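Chemist: Below you will find the structure I want to go over with you.
There are 2 protein chains.
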Amino acid sequence: MSSTISPSLEALAIGIDIGGTGTKFGIVDKVGNVLFSSEISTKKHKTIETFIDELYDSLSVLIQKAGGIGRMKGIGVGAPNGNFYTGTIEYAPNLPWRGIIPLAKLIQDKFQLPVVLTNDANAAAIGEMMYGAAKGMKDFIMITLGTGVGSGIVANGQLIYGHDGFAGELGHTITIPDGRYHEGTGKKGSLESYASATGVRLTALEVMEHTDKPSSLRDLPKDELNSKHVYDAAMQGDEVAKEIFEYTGKILGMALANFVMFSSPEAIILFGGLTKAGDLILKPTREHMEANLIQVFHNKVKILVSHLKESDAAILGASALAWE
Amino acid sequence: MSSTISPSLEALAIGIDIGGTGTKFGIVDKVGNVLFSSEISTKKHKTIETFIDELYDSLSVLIQKAGGIGRMKGIGVGAPNGNFYTGTIEYAPNLPWRGIIPLAKLIQDKFQLPVVLTNDANAAAIGEMMYGAAKGMKDFIMITLGTGVGSGIVANGQLIYGHDGFAGELGHTITIPDGRYHEGTGKKGSLESYASATGVRLTALEVMEHTDKPSSLRDLPKDELNSKHVYDAAMQGDEVAKEIFEYTGKILGMALANFVMFSSPEAIILFGGLTKAGDLILKPTREHMEANLIQVFHNKVKILVSHLKESDAAILGASALAWE
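Going down the list, the sequences are from chains A and B.
When we follow the numbering used here, the leftmost residue of the first sequence carries the number 10, and every step to the right adds one.
When we follow the numbering used here, the leftmost residue of the second sequence carries the number 10, and every step to the right adds one.
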């Protein structure tokens, strides 16, 4: 018997966060402690069946450590394009499985536990609302700035699912009409094509082509250049790298202004890799958000960076679904 | 005693719709019949005090006809920039009164009845949900295309007010970055600067300047040209006028796509003068909305035109507030 687990019948919940590269999962108590957690690869599983099998094997070990399946209240899952209403993952461009995947049913059949699915950014929003930067807020927007741009919207204290469960695809809103092409969607000028790790890389390539300012980024092979390099260079004072973040923040700020004029949130919570750039990106984001807001919104909306441990936030949010 | 009014104590509600030009008001029964209605000028009142006085005098006549103040349950008011939480109108660019106006309190003190205020488009959305095209819907967006562009957003069956009561300023979202200047807000490229009666007029002037195609619109003095002229010309087959609506629909469609990717509504309800242009504007709007949506939203979202009588819809919506 583990010393951190009481022998009583206190219920626990399982949170699973499925990402394009890896899938994280953990066992969480009611106050938000991640008691046990682990991770498997998503990418290597060409079929959903082998993925579910490995997930079952790995998670079973944790369930045993935590006192057995009888203590598990249920399973919450966050996944790209996960649909709360249908329990399916539908046409997720960043996952290895095509078409419509009945994920909730597959997991439920395997584990014999109730399963609730939502998209990964919605799960993160619930995590922030219950345990993080949005604690106590009834109106906020969560934006995840990773390989792509995800979002979860809370209004009147409720997650906005929309008519069909697909609300909150803010990364795909068009910020620059006829702007940068997005390979995954075939659309032009979406927020995601600028304000993601992929977007920062593309901006870097464009900026370097259009100026002849010196930059340490020019020493890297173009196909290896990524947003981490841009961050490192900016921290070293590289002017071109700083300009890249300035531009990214400008586009992000414009988009955030539009989101504010939609749902008038108390705060926008940013999460994910790009937020590590701190004021390099936050300062232009705030400036350009304010510049595009009409008067009634000026200086009202906080832009906050999530302070949850990145590895925990999505597991926490997903697990929170299981309590409902 | 009027024959349409029963002598019993059935309660009635008062709905007031304050617009930039005129203010409409009426007395409404519980099933949505507008029993008596009238209108006064908004524009001519330089101060809020004289406006309230005239409103009181005109409305008192209707109240007497409807059986006296004792039958009135309360007053619902829709007004530009009307704030549900505070009962104030704040910095409304299209009204003659500057700054923050404590409208709900002023009306309450004058009439000695409970008053609920919200913005005009929110009131219209409630009217549509209770009595109109959105009956039975839990997720929809109302867009009013008049002198300006207003909006009301319903999600999970609730009106989205946001943190401060100012949610749903979709007319001010930036659709074309660095686009057309908006005199009221000082911002560039907002939806309202294109998809309003004012916007259609400006588009007409621009299109005529940039082409030398013949058009009956060229016969009108530039300072008199308005959206009604463009409509009339388009109905006569004028190619330039049709192009003006095509362009307006393109911008509106792009904006609607972004709104859909925010809250994934079942339908978008359009209301107001510009909808009279019918397919001249609706066809390009639908096309460009679909063209900018990612796959999961394709062919899912209805664009509907309100079928409530224009003069009634806002009064109905405002009155509905008084029942709560």
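Ideal Cβ positions, reconstructed from N, Cα and C, are used throughout, including at glycine.
Since the structure is predicted, the reported quantities are computational estimates derived from the model, not experimental observations.
My assumption, with CB atoms under 8 angstroms, is that B/T56 sits in contact with B/I27. Please give the rounded CB distance.
Modeler: If you number the second sequence from 1, residue 56 of chain B lands on position 47. If you number the second sequence from 1, residue 27 of chain B lands on position 18. That pair is no contact at about 15 angstroms.
Chemist: Count the CB pairs spanning the segment 296-309 of chain B and the segment 177-184 of chain B that are closer than 8 angstroms, and state whether there are at least three.
Modeler: Under the Cβ criterion (8 angstroms, minimum of three pairs), the segment 296-309 of chain B does not count as touching the segment 177-184 of chain B.
Chemist: Go to A/F280, then tell me how far its alpha helix (DSSP H) extends in each direction, as first and last residue.
Modeler: On the first sequence, position 271 is the one that residue 280 of chain A refers to. From DSSP, A/F280 is part of no alpha helix (DSSP H) but of the beta strand (DSSP E) over 276-280.
Chemist: Between the Cα of B/P230 and those of B/E137, B/N42, B/A88, B/L214, spot the shortest distance and give me the residue it belongs to.
Modeler: As a working mapping, residue 230 of chain B is identified with position 221 in the second sequence. Ranking the options by Cα distance to B/P230, first place goes to B/L214.
Chemist: For B/G155, count neighbouring C-beta atoms within 10 Å of its own C-beta (all shown protein chains included) and say buried if the count is 16 or more, exposed if not.
Modeler: Counted from its first residue, the second sequence places residue 155 of chain B at position 146. Label assigned to B/G155: buried.
Chemist: Of the choices B/A243, B/K309, B/E233, whose alpha-carbon is the least far from that of B/P223?
Modeler: Walking along the second sequence from the start, residue 223 of chain B turns up at place 214. Considering only alpha carbons, the answer is B/A243.
Chemist: Mind listing which residues of the segment 158-189 of chain B have their C-beta closer than 8 angstroms to chain A's C-betas, in chain order?
Modeler: I162, A164, N165, Q167, I169, Y170, G171, H172, D173, G174, F175, A176, G177, E178, L179, H181, T182, I183, T184, I185, P186
Chemist: So which residues on chain B does A/T127 lean against when the C-beta distance must stay under 7 angstroms?
Modeler: Looking up residue 127 of chain A in the first sequence gives position 118. By Cβ distance, chain B contributes nothing, its closest Cβ being about 13 angstroms from A/T127, past 7 angstroms.
Chemist: Out of A/M81, A/G29, A/L21, A/K144, state which residue places its alpha-carbon closest to the alpha-carbon of A/I277.
Modeler: Here the question's residue 277 of chain A lines up with position 268 in the first sequence. Looking at the Cα atoms, A/K144 is the closest of the given residues.
Chemist: Taking 8 angstroms as the CB-CB cut-off, is B/F60 touching chain A?
Modeler: Here residue 60 of chain B corresponds to residue number 51 of the second sequence, with the count starting at 1. Not an interface residue.
Chemist: Run through chain B and tell me which residues come within less than 9 angstroms of A/L45, C-beta to C-beta.
Modeler: Within the first sequence, numbered from 1, the residue matching residue 45 of chain A stands at position 36. First, the residue type needs correcting, since residue 45 of chain A is Phe and not Leu in the sequence shown. In chain order: nothing, as chain B lies at least about 34 angstroms away.
Chemist: For the segment 279-308 of chain A, list every residue whose C-beta sits within 9 angstroms of some C-beta in chain B, in sequence order.
Modeler: A300, N301, L302, I303, Q304, V305, F306
Chemist: Please name the residue, chosen from B/G166, B/T153, B/V125, that lies closest to B/M139 on a Cα-to-Cα basis.
Modeler: Within the second sequence, numbered from 1, the residue matching residue 139 of chain B stands at position 130. Among B/G166, B/T153, B/V125, the Cα nearest to that of B/M139 is on B/G166.
Chemist: Contact between the segment 82-92 of chain B and the segment 120-140 of chain B is defined here as three or more beta-carbon pairs at a separation below 8 angstroms; is this criterion met?
Modeler: As far as the Cβ criterion goes, the segment 82-92 of chain B touches the segment 120-140 of chain B, which means the pair count is three or higher.
Chemist: Which residues, taken in chain order from the segment 209-237 of chain A, show a beta carbon closer than 7 angstroms to some beta carbon of chain B?
Modeler: From the segment 209-237 of chain A, no residue has a Cβ closer than 7 angstroms to chain B.
Chemist: Can you find a CB in chain B that lies within less than 8 angstroms of the CB of A/K144?
Modeler: Reading the first sequence from its first residue, position 135 is the one you call residue 144 of chain A. Chain B contact via Cβ: absent.
Chemist: Is the segment 283-290 of chain B in contact with the segment 253-270 of chain B, if contact means three or more CB pairs nearer than 8 angstroms?
Modeler: Between the segment 283-290 of chain B and the segment 253-270 of chain B there are three or more inter-stretch CB-CB distances shorter than 8 angstroms, so the stretches are counted as touching.
Chemist: For a test of the three-state rule: what should DSSP assign to A/L330, helix, strand or coil?
Modeler: Indexing the first sequence from 1 puts residue 330 of chain A at position 321. DSSP places A/L330 in helix when its eight states are reduced to three.
Chemist: Just to confirm my understanding: we take B/E19, look at its own chain, exclude 5 residues before and 5 after, and list those with CB closer than 8 angstroms. What are they?
Modeler: Looking up residue 19 of chain B in the second sequence gives position 10. Around B/E19: D38, K39, R80.
Chemist: Hey, does A/T156 have any beta-carbon neighbour from chain B nearer than 8 angstroms?
Modeler: Within the first sequence, residue 156 of chain A is the residue found at index 147, counting from 1. The Cβ of A/T156 sits no closer than 8 angstroms to any Cβ of chain B.
Chemist: Can you pull the DSSP bridge partners for A/D26?
Modeler: Working through the first sequence from its first residue, we reach residue 26 of chain A at position 17. In DSSP, A/D26 forms a bridge with A/K33, A/G87.
Chemist: Under 6 angstroms Cβ to Cβ from B/L317, same chain only, skipping five residues before and after it: list those, please.
Modeler: Within the second sequence, numbered from 1, the residue matching residue 317 of chain B stands at position 308. If we look at B/L317 and ignore the five residues flanking it on each side, its Cβ neighbours are G141.
Chemist: Are the Cβ atoms of A/D173 and B/K309 separated by less than 8 angstroms?
Modeler: In the first sequence, residue 173 of chain A corresponds to position 164, counting from 1. In the second sequence, residue 309 of chain B corresponds to position 300, counting from 1. The answer is yes: Cβ separation under 8 angstroms.
Chemist: Write down the C-beta distance between A/T212 and A/A264 rounded to the nearest angstrom, noting that I regard them as a contact closer than 8 angstroms.
Modeler: Residue 212 of chain A sits at position 203 when you count from the first residue of the first sequence. Residue 264 of chain A sits at position 255 when you count from the first residue of the first sequence. Here A/T212 is actually not in contact with A/A264; their C-beta atoms are around 15 angstroms apart, not less than 8 angstroms.
Chemist: For B/K196, go through chain A and note every residue whose CB falls closer than 8 angstroms to its CB, in chain order.
Modeler: As a working mapping, residue 196 of chain B is identified with position 187 in the second sequence. Neighbours of B/K196 on chain A, chain order: N301, I303.
Chemist: Does A/P89 have its Cβ less than 8 angstroms from a Cβ in chain B?
Modeler: Counting from 1 along the first sequence, the entry for residue 89 of chain A is found at position 80. No, A/P89 lies away from the interface with chain B (no Cβ there is under 8 angstroms from its Cβ).
Chemist: Using the C-alpha atoms, what's the distance from B/S236 back to B/A113?
Modeler: Your numbering for residue 113 of chain B matches position 104 in the second sequence. Your numbering for residue 236 of chain B matches position 227 in the second sequence. Cα to Cα, the separation comes out at about 34 angstroms.
Chemist: Under the three-state reduction of DSSP, which class applies to B/E192: helix, strand or coil?
Modeler: By one-based count along the second sequence, residue 192 of chain B stands at place 183. Coil, per DSSP.
Chemist: Taking only three categories from DSSP, how would you classify A/T294?
Modeler: Stepping through the first sequence from its first residue, residue 294 of chain A is reached at position 285. Here A/T294 sits in helix by DSSP.
Chemist: To which residues of the same chain is A/M298 closer than 6 angstroms at the C-beta, ignoring the five residues directly before and after it?
Modeler: Looking up residue 298 of chain A in the first sequence gives position 289. Answer for A/M298: G262, L265, A266, listed in chain order.
Chemist: Using Cβ-Cβ distances below 8 angstroms, what residues of the segment 253-266 of chain B are close to chain A?
Modeler: M263, A266
Chemist: Relative to the C-alpha of A/S315, which candidate in A/L291, A/A164, A/V269 has its C-alpha closest?
Modeler: As a position in the first sequence, residue 315 of chain A is number 306, starting the count at 1. The candidate whose alpha carbon is nearest that of A/S315 is A/L291.
Chemist: From the beta carbon of A/F271, is the nearest beta carbon of chain B less than 8 angstroms away?
Modeler: For the purposes of this step, residue 271 of chain A is identified with residue 262 of the first sequence, where counting begins at 1. Closer than 8 angstroms to some Cβ of chain B, the Cβ of A/F271 qualifies, so yes.
Chemist: Can you list, in chain order, the residues of the segment 94-106 of chain B whose Cβ is nearer than 9 angstroms to any Cβ on chain A?
Modeler: E99, Y100, P102
Chemist: Which ranges does the alpha helix (DSSP H) cover as unbroken runs of at least 4 residues, wholly within the segment 142-184 of chain A, from first to last along the chain?
Modeler: none
Chemist: Looking at the structure shown, is A/E233 part of a helix, part of a strand, or coil, going by DSSP?
Modeler: Your numbering for residue 233 of chain A matches position 224 in the first sequence. DSSP, reduced to helix, strand and coil, places A/E233 outside both helices and strands of the structure shown, so it counts as coil.
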